[in-house]
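Structure first, then comments.
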Amino acid sequence: MGDTIAAISTSTVYNSGIGIIRISGDSALKVASNVFVSASGKNIDDMDSYTASYGHIVDNSEVIDQVILLVMRGPKSYTTEDVVEIQCHGGSYICKRILEVVLSNGARLAKPGEFTQRAYLGGRIDLTQAEAVMDLIASKNEMTRKASVMQLEGRMGEQIRKIREEILENTALIESALDDPEHYDISEYSGQLNDNVDKIVDKLQKLWVSIDNGYIFKEGINTVILGKPNAGKSSLLNLLAKRDRSIVTDIEGTTRDIIEEQISLDGILLNLRDTAGIRKTEDYVENIGVNRAKEAAEAADLILYVVDSSKKLDNNDKDILDMIADKNSIILINKTDLDNKLSTEDFEYLKEKPLVYLSAKTGEGLDELTKVILEMFLNMTDTSTDNIYFANIRQKECLKKALESMNLVKQTIADGMPEDCYTIDLMEAYENLGFIVGESLSDDLASKIFESFCMGK
C-alpha cells in the first residue's frame, strides 16, 4: 500500500478531553520518531507493539503538546500496517497543529475511510465488516449497536462465503460431468443438484428477510398516529417524545399538517408522525391535512389509532377502523382518566388488533403500549440481534441479483434445459455475492465505497 497516511480520528467540531491523531504505513514509526520526544528517552523503534509512552510532540524544538503515544506493529494492527496513535489534549486547534507537524515529516493526509480501506485490502476484514464500521458509528439505539457489532465480527460475510462455496461446488460438479462425460454421469447427480439449488435459494431468501428486518431496526418503524380530532393524538406524541412537540388544545382541528419526531422505544426506533384529525370538513386547509393523514397511513409500517374513550364510537370512527383493517395497527383507548363509554364489544370485529388502554395525559398504559409494539415487531420478524443484518443499497442490489440468478437456475432445471445452461446463472449468483463481501470487486469500486466513510476511520 506504499505511502504513510495520517488523520485526526476524533471530532474536530467540538473540543474534548482527548484527541487522537492516527498514522499508518511503512514509515509510521519513522514519522512518529521525527515529531515525538519520549520523557523517558526511549526510542520509538525500541517500543514493543501495544505499548504506550508519555512525552511531547515537538516542531523544530518547540513543544506543541504533552501526549501519550501508542505503537501497534503490523500485521497485528487495525490496518495490518505499522500504526501509531498520538493521544493529545482534545482542542480542535491542538489536533490540527499536531497533524500539520506529522504531515510535514513524511506522512500524507488520509482520504476518508482510508484506514479501514487498508484493513480491507490487507485481508483483515471483508467489505461487509468494513461497512459495518460506519453502521456502528451511526447506530442510534441498542438494537442497531448490537447488530452492527455482530456484523463487524464477520457474521454476515461468513454466511455469504459459505453460500458461495456451495454454489462453486455445484458448478464444479456440472462442469466436471460436461468435460469428462465418460467418468461423470450428470444424470446421477440431477436429484442432488436440484435439492442443493433449493437449499441455496432458501438460504438466500432467509438472508433477504434478515436484511429487510434490519432495515426496520436501522431506519426506524414508520409510525402514524391516527384518529378523529381531539382524540389525544398530539398528547400521545408529546408523551412518547417526552417533550411538548405538538400543540394541545380543546379546539378541534388544531393539528393541520404532519408533525414528525424520532424516538427510541426500548432500543427500537419509531419515526412518529402526528396527523390531522380525520373528519369530513369544509375547511380547505384542514381538508388538505386530512388527505395527508390518509396518505401517511397508507405508507405506514405501524398505525396507532387513538380513540377517545369518553365518547361512543360513531360512523367516522368505524370508517377509519375499516380503512386500517388490513394495516399493521394498534387500537389505543385513550383518556382512561375520564369516564369510559366504550367496551371491548365495540371492537369485536377487529379481534386480531391489539387493544391498549391509555391515558396520554397521565402516562398510564404507556408501558403496556411499549410492550405490545416490541412484541408485535420482534415476533413479526422473528428477530434477534443474531439474525439481523444491515445492508446498504449496493449490498441489497447484489443480493437481489444473486437470488434472481438462483431462481433462474431452479426454473432452468424445472424446464428440463441442458446442464450447461445452469452454470451461467450459478456463476452470476456467485459473482454477485462476491461483490457484497468484496471478493469480486474492482479496486476502483472499492475506493468509491470507502469515500463515503468519515475522515480518520
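Here the sequence shown is numbered in the numbering used here, starting from 30 and rising by one per residue.
Glycine is no exception: its CB is placed at the ideal position from the N, C-alpha and C atoms.
Boundaries for R153: no alpha helix (DSSP H) harbours it, and the DSSP string shows neither H nor E there. DSSP places G318 in the helix class (H, G or I) of the three-state scheme. Nearest C-alpha to H85 among P104, N63 and L462: N63. Taking all protein chains in view, the Cβ of I34 is crowded by 16 or more other Cβ atoms within 10 Å, so the residue is classified as buried. With contacts defined as CB atoms closer than 9 Å, V130 and I52 fail to qualify as a contacting pair. Check the Cα spacing between A389 and each of D348, L333 and H118: the tightest is with L333. Proximity to A57 across S82, D111, T80 and G46 peaks at D111, based on C-alpha coordinates.
Under the 10 Å beta carbon count, E404 is surrounded by fewer than 16 other beta carbons and is classified as exposed. At the C-beta level, L462 and C427 come within 9 Å of one another. Closest in alpha carbon position to S338, among M172, L269, D355 and T365, is T365. Put simply, the region 247-259 touches the region 319-335. At least three CB pairs are less than 8 Å apart.
For I166, the closest C-alpha among the options L156, V178 and D155 is that of V178. Beta-bridge analysis with DSSP links F65 to I86. Sixteen is the threshold: when 16 or more other Cβ atoms of the shown chains lie within 10 Å of the Cβ of M76, as they do, the residue is buried. Of the candidates G318, G119, R184 and G261, the residue whose Cα lies closest to the Cα of T391 is G261.
A distance below 6 Å between beta-carbons, with the five flanking residues on each side excluded, links N369 to the following residues of its chain, in chain order: S338. In the displayed model, N369 falls within coil according to three-state DSSP, outside both helix and strand. Measuring C-alpha to C-alpha distances from L156 to each of L181, S133, S168 and R137 identifies L181 as the nearest.
The Cβ atoms of I402 and I189 do not sit closer than 9 Å to each other.
Contact check for G152 and V466: beta-carbon distance about 12 Å, past the 8 Å limit, so the pair fails to qualify. Within the region 405-484, the alpha helix (DSSP H) runs of at least 4 residues that lie entirely inside it are, in chain order, 422-443, 449-466 and 472-479. Taking all protein chains shown into account, T304 has 16 or more neighbouring C-beta atoms within 10 Å of its C-beta and is therefore buried. A direct Cα-to-Cα measurement between A329 and I127 gives close to 50 Å. The beta carbon of S78 sits closer than 7 Å to the beta carbons of V100, M101, R102 and K105 from its chain, once the five residues preceding and following it are set aside; these are given in chain order.
Shortest Cα-Cα distance from I478 to any of A159, I154 and A136 involves A159. V112 is bridged by DSSP to S53 and M101. Contact between the region 319-326 and the region 428-439 is not established, with fewer than three Cβ pairs separated by less than 8 Å. With 16 or more other Cβ atoms inside 10 Å of its own Cβ, L371 counts as buried. For the options V42, A420, K400 and V226, the alpha carbon positioned closest to that of I297 is the one of K400. The beta-carbon separation of R137 and D32, rounded to 6 Å, stays under the 8 Å limit for a contact.
Taking 9 Å as the cut-off, the Cβ atoms of M172 and F246 count as close. Your pair I192 and K232 checks out as a contact, with CB atoms roughly 6 Å apart and the cut at 8 Å.
Contact between T252 and L299 holds, with the beta-carbon distance rounding to 5 Å and staying under 8 Å. Comparing alpha carbon positions, the residue from S293, V92, E194 and G142 closest to S168 is S293. If you draw a straight line from the Cα of G142 to the Cα of W237, it comes to about 27 Å.
Contact between V319 and I359 fails: their C-beta atoms lie close to 21 Å from each other, not under 8 Å.
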